[in-house]
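This report refers to the structure that appears directly beneath it.
Chains as they are written, first to last, in my numbering: chain A, 16 to 270; chain B, 16 to 270.
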């Protein structure tokens, strides 16, 4: 395997990890498979401190970014992939199994996109709110009797699959990005989608689109919807400009 | 994934694991990927006890076999695969990378063979003596800066690869067993090879084949040699019968 083979295009995000041993194990798996960019979202401070100060804690842990929200952590990413078992919930995004993930990521990375692979807390995994930041879910094909994996082991298995296939393109059958009509342009980063989502939500409210009791559900559906569209940056900016204009008008009339 | 998809044909062997957390993690990964047969060789008794009595310890750990030697643990196996990093040693057996392991195991299992996947202790991995029980080594393709994996994570990664590919034969390109001229007959189990090896060693001594100082080195080379041959059971029995006869003669003459 070539050295420094997985630079910035792919970052690993751990949302609120609890166990310092798991944080260390995730970092070790990253080092094993040549990934360097770790972001930790809203860690429990004492455990995060413990993980970073452990004997043998790597540069990778020392250099990890800390973010208060998942939306902030993935702000510059064009493809956000959530992990976890889908046994007890109905997925709201497209799902791929792990062996099929590399062929989905490679075109995104090749056209200059940035990918985040997001892991939830040990106990309950990613929340519905977390999942609404994801474009795609990946499922590790586990046995129905014991579907739930240990965090450090799940990270290791995912990164093994990506390292083995991303560095050996000949092994995989690259397929075109199924949801994009702009193969040459990377998708809009998550921050643009969040901005757009926020403005559209205000438009909904200003237009009294639905009762206030529906606001949370609408926001959730909207975030997922925007991610399904695979907007380019340029698309996102134009749509944003349009909705800002609409909002401005609505607010003026309601004065 | 179908239930009970990996019965007896494949067993996992942990040689002298030290950390109860790692034993538990290995067992959890086995359950995650539908493997049920665990053997532990010469465990450190207090730690083994602790792992088995941990909260949530699985039936799999309760039902694990314990063996005093690796040779005993793999006695009924026709293909013994050793794991570990090869950074600091020159392999004496054929080596495959993990992505290529399924295509090597499937023909063995299809013709009725039994496979063992062997993991060494956390600190130093499998010894040279352990490796002499192996027909084949598997290497997980890790980054040169941090090649050595945590035991529980290494087990998870190997079993993920096997489960994903063994249950999806269409994914892989099955290749014929490169070292066998008997595609229809399974190889001799390890116990037969051990028996044969022991008799041949006695013949060497009885025949004063080489100075006693060479005995350990000869034994080591002999074990590796017999495993390279891929003898069928019938082959092994016939060769054994021959060497028993030779030994009987040598011992009679030396009286």
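Heads up, the beta-carbon is just placed ideally off N, CA and C, and yes, glycines get one too.
Is any beta-carbon of chain E found at less than 9 angstroms from that of residue 26 of chain A? The chain labelled as chain E is not found among the protein chains of the depicted structure, namely A and B.
With a Cβ-Cβ cutoff of 9 angstroms, do residue 111 of chain B and residue 81 of chain B count as a contact? no
Could you check which residue in A:217, A:209, A:221, A:231 has the C-alpha nearest to that of residue 246 of chain A? A:209
Find out if the Cβ-Cβ distance for the pair residue 32 of chain B, residue 52 of chain B is shorter than 9 angstroms. Cβ distance not < 9 angstroms, so residue 32 of chain B and residue 52 of chain B don't count as in contact.
Taking only runs of the beta strand (DSSP E) that begin and end inside the stretch 57–122 of chain B, which ones reach a length of at least 3 residues, in chain order? 80–82, 94–98, 110–112
Burial state of residue 139 of chain B (16 or more Cβ within 10 Å): exposed
Below 7 angstroms between beta carbons is the criterion; list the residues of the stretch 118–133 of chain B that meet it against any residue of chain A, in chain order. none
Give me the DSSP bridge partner(s) of residue 154 of chain B. B:112
Alpha carbon to alpha carbon, how far is residue 250 of chain B from residue 257 of chain B? 11 angstroms
Helix, strand or coil for residue 26 of chain A? Go by DSSP, reduced to three states. strand
For residue 210 of chain A, the first and last residue of its enclosing alpha helix (DSSP H): 205–221
Name the chain A residues that come within less than 8 angstroms of residue 43 of chain B, Cβ to Cβ? 161, 164, 165, 168
State the DSSP-derived secondary structure class of residue 166 of chain A, mapped to helix, strand or coil. helix
Select from B:40, B:90, B:145, B:165 the residue whose C-alpha is nearest the C-alpha of residue 161 of chain A. B:40
Can you pull the chain A neighbours of residue 47 of chain B, defined as C-beta to C-beta under 7 angstroms? Going along chain A in sequence order, the residues near residue 47 of chain B (Cβ under 7 angstroms) are 157, 158, 161, 164.
What three-state label does DSSP hand residue 244 of chain A in the structure shown? Coil, per DSSP.
Under 9 angstroms, Cβ to Cβ, is there at least one residue of chain A near residue 172 of chain B? yes
So who's on the other strand from residue 53 of chain B, going by DSSP bridges? The partner list for residue 53 of chain B (beta bridge, DSSP) reads B:27.
If the cut-off is 8 angstroms on Cβ atoms, which residues from the stretch 76–91 of chain B count as contacting chain A, listed in chain order? Listed in sequence order: no entries.
Let's see if you can read the secondary structure: which residues bound the beta strand (DSSP E) around residue 141 of chain B? From DSSP, residue 141 of chain B is part of no beta strand (DSSP E); its letter is neither H nor E.
Would you mind telling me which residues of chain A sit closer than 9 angstroms to residue 66 of chain B, beta carbon to beta carbon, in chain order? Chain A residues near residue 66 of chain B: none, gap ~14 angstroms exceeds 9 angstroms.
Using a 10 Å radius around the Cβ and a threshold of 16 neighbouring Cβ atoms, would you call residue 147 of chain A buried or exposed? By the 10 Å Cβ count, residue 147 of chain A comes out buried.
Does the beta carbon of residue 114 of chain A come closer than 9 angstroms to any beta carbon on chain B? yes
Does the stretch 212–219 of chain B come close enough to the stretch 122–142 of chain B to have 3 or more Cβ pairs within less than 8 angstroms? The stretch 122–142 of chain B and the stretch 212–219 of chain B do not touch, with fewer than three beta-carbon pairs separated by less than 8 angstroms.
By the three-class DSSP mapping on this structure, what secondary structure does residue 134 of chain A have? strand
Using the C-alpha atoms, what's the distance from residue 30 of chain B back to residue 99 of chain A? 31 angstroms
So, is the C-beta of residue 40 of chain A closer than 9 angstroms to a C-beta in chain B? yes
Helix or strand or just coil, what does DSSP make of residue 42 of chain B? helix
Nonlocal neighbours in the same chain, by C-beta distance under 7 angstroms from residue 239 of chain A, ignoring five residues either side: 107, 108, 147
If you drop the 5 nearest sequence neighbours on each side, which residues of the same chain put their C-beta closer than 6 angstroms to that of residue 66 of chain A? 35, 38, 39
Please list the partners that residue 178 of chain B has in chain A, where partner means a Cβ-to-Cβ separation under 9 angstroms. Neighbours of residue 178 of chain B on chain A, chain order: 156, 157, 158.
Residue 263 of chain A, buried or exposed, once every other Cβ within 10 Å from all chains shown has been counted against 16: exposed
Would you mind giving the Cβ-Cβ distance between residue 117 of chain A and residue 176 of chain A, rounded to the nearest angstrom? I have them listed as a contact below 8 angstroms. 7 angstroms
Output the distance between the C-alpha atoms of residue 243 of chain B and residue 233 of chain B, rounded to the nearest integer angstrom. The alpha-carbon separation between residue 243 of chain B and residue 233 of chain B amounts to approximately 15 angstroms.
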